[in-house]
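**Student:**
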Amino acid sequence: MLYLIAALALAIQAAPAPSTAKPPSLEDRMTPQIEAAAQSVREHRPQAALDRLALVIAVYEADHATETRRIYCGTSLQEAILYAGMGARDRVGAVVLLPGYCTALYLKGYALVDLGRIAEAKAIYERLLTLAPMDAQYRTEYG
Numbered sequence: 000m001l002y003l004i005a006a007l008a009l010a011i012q013a014a015p016a017p018s019t020a021k022p023p024s025l026e027d028r029m030t031p032q033i034e035a036a037a038q039s040v041r042e043h044r045p046q047a048a049l050d051r052l053a054l055v056i057a058v059y060e061a062d063h064a065t066e067t068r069r070i071y072c073g074t075s076l077q078e079a080i081l082y083a084g085m086g087a088r089d090r091v092g093a094v095v096l097l098p099g100y101c102t103a104l105y106l107k108g109y110a111l112v113d114l115g116r117i118a119e120a121k122a123i124y125e126r127l128l129t130l131a132p133m134d135a136q137y138r139t140e141y142g
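Just so we're aligned, residue 0 is where the sequence shown starts under numbering that gives the first Met the number 0, counting upward by one.
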């Protein structure tokens, strides 16, 4: 009997666990592209950053194209709570996205400034301020 119990215990340990792995989130899929774009900006290659960010931003925008609630980006838990509260205060539905989308927009604005395309960059920073109105870095870049 002891051998049977030991054999069952070994069999259970050897059996593969059922797969519960979730597919990677949008944020997880876009992070390497955003990091590569940031590296391009650091290397003073703004056009390469813009080329990479075009697809990233398009994917994010397609993901929330049908969203009817007010959209915010929270770069921290505190900001996310604040923005959710702002929606409640205004009696509108609000959704707080993870920071990837706003990071991509910020990098796009930065690259546009490097290319001397100030008017386009200003429009990006204005969009960022609607998505993250309390973010000090976005306010500073906007001027």
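All C-beta atoms in this analysis are idealised placements derived from N, C-alpha and C, irrespective of residue type, glycine included.
(1) Please return the same chain residues whose Cβ sits closer than 6 angstroms to the Cβ of Pro132, not counting the five positions on each side in sequence.
(2) For Tyr82, which residues from the same chain have a beta carbon less than 7 angstroms from its beta carbon, with the 5 sequence-adjacent residues on both sides left out?
(3) Roughly how many angstroms lie between the CA atoms of Ala37 and Gln136, to the nearest whole one?
(4) Compute the Euclidean distance between the alpha carbons of Arg44 and Arg88, then round it to the nearest angstrom.
(5) On the DSSP bridge assignment, give the partners of Arg69 in chain order.
(6) Check for me: the alpha helix (DSSP H) holding Lys107 runs from which residue to which?
(7) Whose C-alpha, out of Leu76, Leu111, Leu130, is nearest the C-alpha of Cys101?
(8) According to DSSP, is Ala79 part of a helix, a strand, or is it coil?
(9) Please name the residue, chosen from Asp113, Pro98, Thr67, Arg138, that lies closest to Ile56 on a Cα-to-Cα basis.
(10) Quick one: residues in its chain with C-beta nearer than 6 angstroms to the C-beta of Tyr59, no 5 flanking neighbours on either side, listed in chain order?
(11) Taking Cβ to Cβ, would you say Arg51 is nearer than 8 angstroms to Ala35?
(12) Please state the DSSP three-state secondary structure of Arg88.
(13) Got a sec: is the Cβ-Cβ distance from Tyr137 to anything in chain D below 8 angstroms?
**Tutor:** Reading it off the structure:
(1) If you ignore the 5 residues before and after Pro132, its C-beta comes within less than 6 angstroms of no other C-beta in its own chain.
(2) Tyr71, Gly73, Ala93, Val95
(3) Computed Cα separation, rounded: 16 angstroms.
(4) 42 angstroms
(5) Ala93
(6) Run containing Lys107: 99-113, per the alpha helix (DSSP H) assignment.
(7) Leu130
(8) helix
(9) Pro98
(10) Tyr100
(11) yes
(12) For Arg88, the secondary structure class from DSSP, reduced to helix, strand or coil, is helix.
(13) Included in the structure is just one protein chain, with no chain D present.
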